[in-house]
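Everything on this sheet refers to the single structure shown next.
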Amino acid sequence: MLAENLEDLVKKERLAGRQEAEQRALEEKRKTVHHLLSFGVLTNDQIAKATGLSIGEIAKLRIEDKH
């Protein structure tokens, strides 16, 4: 019983760690997109290929940059 509880706790902590790492990576990609957008020469498709984000996400960030 104790071993199962510890195993469950470890799994939850690992999952939380992975989710946190994924969120940090996404934020870094978004910062990169904002930086690339500041050059004003790359298309959404080019930025999507460079960052791995979707074209839709790039378009959304491009609109945010204009405001």
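Letter by letter, the sequence shown follows residues 1 to 67 in this note's numbering. Quick reminder that beta carbons are idealized off the backbone N, C-alpha and C, glycines included. Since we're looking at a predicted model, the values are computed, not measured.
Problem - Residues near V33 by beta carbon distance below 7 Å, same chain, minus five either side - result: Only I47, T51, L53, I58 and L61 meet the Cβ criterion.
Problem - Pairwise C-alpha distance: L9 and R24 - result: Our two residues, R24 and L9, have alpha carbons roughly 22 Å apart in a direct line.
Exercise for the section: For N44, count neighbouring C-beta atoms within 10 Å of its own C-beta (all shown protein chains included) and say buried if the count is 16 or more, exposed if not. Expected result: Residue burial is scored here from C-beta neighbours: N44 has at least 16 other C-beta atoms within 10 angstroms and is therefore classed as buried.
Handout entry: C-alpha distance - H67 paired with E13, whole-angstrom precision
Key = Rounded to whole angstroms, H67 to E13 spans 38 Å at the Cα level.
Handout entry: Endpoints, alpha helix (DSSP H) assigned at V33
Key = Residues L2 to F39.
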